[in-house]
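*Asks:*
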Amino acid sequence: MFVEEKISEIKKEYLDNIKNADSLKELDSLFLALFGKNGVVTLLPKDFKNLSSDEKKTVGPLFNKLKTELENAIEKKRTEVRETSYQQLADESFNIDNKVETKKREGHLHLATKFKEEIIQLFEKLGFSQFDAPHIESEKYNFEDLNIPKDHPSRDMWDTLYIEPGKFLLRTHTSNFWPRLMEKKKTPLRAMSFDRCFRYEAVDARHSHTFNQFEIAVVGKAGEITMANLKYLSDYLLKGLLGKEAKSRFRPKYYPFVEPGVGIDCLCVFCHGKGCRICSNTGWFEIAGAGMIHPNVFKAAGLDPKEHSGLAWGFGPDRMLMIKYQIEDIRLFLEGDLKFLQGFNKP
104 MFVEEKISEI KKEYLDNIKN ADSLKELDSL FLALFGKNGV VTLLPKDFKN LSSDEKKTVG
164 PLFNKLKTEL ENAIEKKRTE VRETSYQQLA DESFNIDNKV ETKKREGHLH LATKFKEEII
224 QLFEKLGFSQ FDAPHIESEK YNFEDLNIPK DHPSRDMWDT LYIEPGKFLL RTHTSNFWPR
284 LMEKKKTPLR AMSFDRCFRY EAVDARHSHT FNQFEIAVVG KAGEITMANL KYLSDYLLKG
344 LLGKEAKSRF RPKYYPFVEP GVGIDCLCVF CHGKGCRICS NTGWFEIAGA GMIHPNVFKA
404 AGLDPKEHSG LAWGFGPDRM LMIKYQIEDI RLFLEGDLKF LQGFNKP
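Just so you know, the sequence shown maps onto residues 104 to 450 in this note's numbering.
(1) Within 10 angstroms of the Cβ of LEU180, are there 16 or more other Cβ atoms? Answer buried if so, exposed if not.
(2) Are the CB atoms of MET395 and SER412 nearer to each other than 8 angstroms?
(3) Could you tell me how far apart the beta carbons of PHE271 and SER296 are, in whole angstroms, since I believe they sit closer than 8 angstroms?
(4) Tell me the DSSP bridge mates of PRO451?
(5) Measure the beta-carbon distance from VAL144 to PHE138 and round it to whole angstroms, keeping in mind my assumption that it falls under 8 angstroms.
(6) With DSSP run on the structure shown, which of helix, strand or coil describes VAL306?
(7) Measuring straight from C-alpha to C-alpha, what distance separates PHE246 and ALA415?
(8) Between the region 271-291 and the region 201-220, do at least 3 Cβ pairs fall closer than 8 angstroms?
(9) Considering Cα atoms alone, identify which of ILE113, MET425, LYS442 and ASP119 is closest to ALA308.
(10) Can you have a look at ASP248 and say buried or exposed, based on whether 16 or more other CB atoms are within 10 angstroms of its CB?
(11) Alpha carbons only, please: which of ASN141, LEU169, GLU178 and PHE105 is nearest the one belonging to ALA124?
(12) So, under 8 angstroms CB-CB, PHE436 and ASP421 are touching, yes? Tell me the CB distance rounded to an integer number of Å.
(13) Are the CB atoms of ALA331 and LEU341 within a distance shorter than 8 angstroms?
(14) For HIS375, is the classification buried or exposed, using 16 other Cβ atoms within 10 angstroms of its Cβ as the cut-off for buried?
(15) Determine the burial state of ASP194: buried for a count of at least 16 other Cβ atoms within 10 Å of its Cβ, exposed for fewer.
(16) Assuming the contact rule is C-beta atoms closer than 8 angstroms, VAL365 and ASN250 should be a hit. Round their C-beta distance to whole Å, please.
(17) First and last residue of the alpha helix (DSSP H) that includes PHE166?
(18) Quick one: what does DSSP say GLU247 is sitting in, helix, strand or coil?
(19) Does the beta-carbon of SER337 have 16 or more other beta-carbons within 10 angstroms, so that it is buried, or is it exposed?
(20) Give me whichever residues DSSP pairs with PHE401 in a beta bridge.
(21) Among residues of its own chain, excluding the 5 on either side of ARG293, which ones have a beta-carbon nearer than 6 angstroms to its beta-carbon?
(22) Which first and last residues belong to the beta strand (DSSP E) in which LEU264 is found?
(23) What residue range does the alpha helix (DSSP H) around THR216 cover?
(24) Under DSSP, the alpha helix (DSSP H) around ALA331 begins and ends at which residues?
(25) Can you check whether the CB of THR275 is closer than 8 angstroms to the CB of PHE301?
(26) Using only the alpha-carbon positions, how far apart do LYS243 and GLY392 sit?
(27) In whole angstroms, what is the alpha-carbon distance linking GLY323 and PRO268?
(28) Could you tell me the alpha carbon to alpha carbon distance between LYS170 and PHE373, rounded to whole angstroms?
(29) Helix, strand or coil for THR277 per DSSP?
(30) Look up PHE360 in the DSSP assignment and say whether it is helix, strand or coil.
(31) Could you have a look at LEU406 and say whether DSSP puts it in helix, strand or coil?
(32) Is DSSP giving LYS288 helix, strand or coil here?
(33) Apply the 10 Å Cβ neighbour rule to ASP131 and answer buried if 16 or more other Cβ atoms are within range, or exposed otherwise.
(34) For GLU172 versus LYS114, is the C-beta spacing smaller than 8 angstroms?
(35) Nearest-angstrom Cα distance between GLU438 and HIS213?
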């Protein structure tokens, strides 16, 4: 029978290969060749479909025996290879007194940490104070007090990492810090926060489940805070980080906690608006979301929206760093790759 012969050939060939293997890497390759998605054992049952019932009764036990023997042979050989390797290490000797010349490396701050200090110093000059808020947050401060009701799409579990549904979650933005301050009635307010946020994201070169966010909140008397202040602060940050030629523009954009809301774009610093690969040939790239604090947010904090005005402004520093230094993979900020980090070891 053809299938029985094939089983016998596979058994003989791969048992010999396993016996002669002398490394774990080689054994891993053999395992994939046998049991991987397109492995010879994995695909073998396709040959059974044309067999009669009696033939299947004969071939079935042979197939199961083949799988068991090959799996056991690989596992036994893995144990032998490991023991041989351990014995070789035990037999080796070396002089621990020998001096080994190593290249000296100076320690330095992480690129993201230096960028954080640079941004904070810029806003401290304008009288802003830095505040922190819990990473593990309640729905009240992460959503409800920011005018995000229970039926809002951003409340969906696919966006949020819940610790205890209906109670606690990993905050999705740094915006949770300003309703906490506002409810203490400490106005006027010039506050900022630079910290980590968390979202249920598929990790790739542009997205991460953990990322940094910088946000400011300004609250004053009614009529004191306007969109003109928002425009000034946007240009102030961009010019401070990217140079005096940096320019910003506003686009209408919806955010539930501000009204009106805007998306803030920066003129591409590489092509100066002409269009290039970095800005996807648009001449601009989006850097922030902002707007005037929504009346419902004031009400949730116990403040009269007729007596107060305010603005909120937030952006992702990681994206700004990627643009500024042409870093193509956001995962590099969290991986601790010394070769990558040493590339930014500058005063």
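For every residue, glycine included, the Cβ atom is placed at its ideal position computed from N, Cα and C.
*Replies:* Per the coordinate set shown:
(1) According to the sequence displayed, residue 180 carries Lys and not Leu. It counts as buried.
(2) yes
(3) No, PHE271 and SER296 are not in contact; Cβ-Cβ is about 20 angstroms, not under 8 angstroms.
(4) A question about residue 451 goes unanswered here, because the residues of the chain that appear run from 104 up to 450.
(5) 6 angstroms
(6) coil
(7) 15 angstroms
(8) no
(9) MET425
(10) buried
(11) GLU178
(12) 6 angstroms
(13) no
(14) exposed
(15) exposed
(16) With a Cβ gap of about 16 angstroms, VAL365 and ASN250 do not count as contacting.
(17) 156-194
(18) helix
(19) buried
(20) Note: PHE401 sits in no beta bridge, so no partner.
(21) GLY230, PHE231 and VAL321
(22) 264-267
(23) 214-227
(24) 330-345
(25) yes
(26) 22 angstroms
(27) 35 angstroms
(28) 59 angstroms
(29) helix
(30) coil
(31) coil
(32) coil
(33) exposed
(34) yes
(35) 12 angstroms
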